[in-house]
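Reading the sequence shown from the start, the letters are residues 1 to 141 in the UniProt record's numbering. No residue lacks a Cβ here, since even glycine has one placed at the ideal position from N, Cα and C. Computed from a predicted structure; not experimentally measured. Let me begin by presenting the structure, written as structure tokens, before commenting on it.
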Amino acid sequence: ALQLLHFPRMRGPRPSAAPRRCRRRHAFTLAGTADVSGVGLHSGRFVRVRLGPGFPGGGVTFVRTDLPGTRVRASPADVSGTELSTELGGGGGGGGVRTVEHLLAALCGAGVSSCTVALDAQELPILDGSSAPWLKLIRAA
1 ALQLLHFPRM
11 RGPRPSAAPR
21 RCRRRHAFTL
31 AGTADVSGVG
41 LHSGRFVRVR
51 LGPGFPGGGV
61 TFVRTDLPGT
71 RVRASPADVS
81 GTELSTELGG
91 GGGGGGVRTV
101 EHLLAALCGA
111 GVSSCTVALD
121 AQELPILDGS
131 SAPWLKLIRA
141 A
């Protein structure tokens with residue numbers, strides 16, 4: 001069963017670029033952690049990923065464990081590339097995160113609005129090419 005922790009959404013000005021379709025009245029995060037590993041579709045590199053609880057109002061944050069201090073927020077303002085996949089952060093400097101679409105779709109579909117995603121490479125694993133393995137991982141957390 002999907003177990004989520006609940007906390008009220010923080011009030012404040014709404015960024016004009018933020019999408020509305022995944023906004024909810026309350027914010028939800030994961031109750032625990034879950035790990036997965038696989039190969040990046042475009043890079044061919046092996047990557048380990050850990051999903052964990054986020055902070056109230058923190059949204060989805062990617063933490064690059066291979067580049068200490070690198071944190072990238074999942075925000076339309078942080079999209080730095082869209083060729084073959086969506087890249088967040090980095091701006092061509094290699095500190096971003098690529099191929100985030102299926103994970104973000106699964107988080108949104110599961111109602112998770114705050115989550116920390118730790119990974120040790122630039123690109124998320126492709127898994128089976130859908131959001132289903134990500135949703136299974138979210139349910140396991």
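Excluding the 5 residues flanking residue i on each side, which residues of the same chain have their C-beta closer than 6 Å to its C-beta?
i: residue 87; result: 80, 81, 96, 98
I want to see whether chain C comes within less than 8 Å of residue i, judged by CB atoms only; does it?
i: residue 43; result: Looking at the structure shown, chain C is missing, and only one protein chain is on hand.
Can you say whether residue i is buried or exposed, counting buried as having 16 or more other CB atoms within 10 angstroms of its CB?
i: residue 123; result: buried
i: residue 125; result: buried
i: residue 46; result: exposed
i: residue 94; result: exposed
i: residue 131; result: buried
i: residue 134; result: buried
i: residue 13; result: Note that residue 13 scores a pLDDT of 49, beneath 50, so its modelled location is shaky and nothing firm can be said.
Could you give the C-beta distance for residue i and residue j, rounded to a whole number, given that I count them as a contact under 8 Å?
i: residue 51; j: residue 127; result: Not confirmed; about 13 Å, so no contact.
i: residue 65; j: residue 120; result: 5 Å
i: residue 31; j: residue 141; result: 7 Å
i: residue 29; j: residue 112; result: 6 Å
i: residue 49; j: residue 36; result: 5 Å
Spatial neighbours of residue i within its chain, please: CB distance less than 7 Å, with the 5 preceding and 5 following residues excluded, ordered by chain position.
i: residue 55; result: 114
i: residue 104; result: 60, 74
i: residue 116; result: 52, 53, 54, 61, 63
Between the Cα of residue i and the Cα atoms of the options, which residue gives the shortest distance?
i: residue 62; options: 73, 140, 34; result: 73
i: residue 53; options: 69, 47, 107; result: 107
i: residue 129; options: 47, 70, 101; result: 101
i: residue 67; options: 37, 33, 118, 77; result: 118
i: residue 41; options: 90, 78, 84, 76; result: 84
Going by beta carbon distance, what residues of the same chain come within less than 8 Å of residue i, once the five residues before and after it are set aside?
i: residue 78; result: 72, 88, 89
Which residue spans inside the region 57-138 form an unbroken beta strand (DSSP E) run of at least 3?
-> With a minimum length of 3 residues, the continuous beta strand (DSSP E) runs that stay inside the region 57-138 are 60-64, 70-73, 79-81, 115-119.
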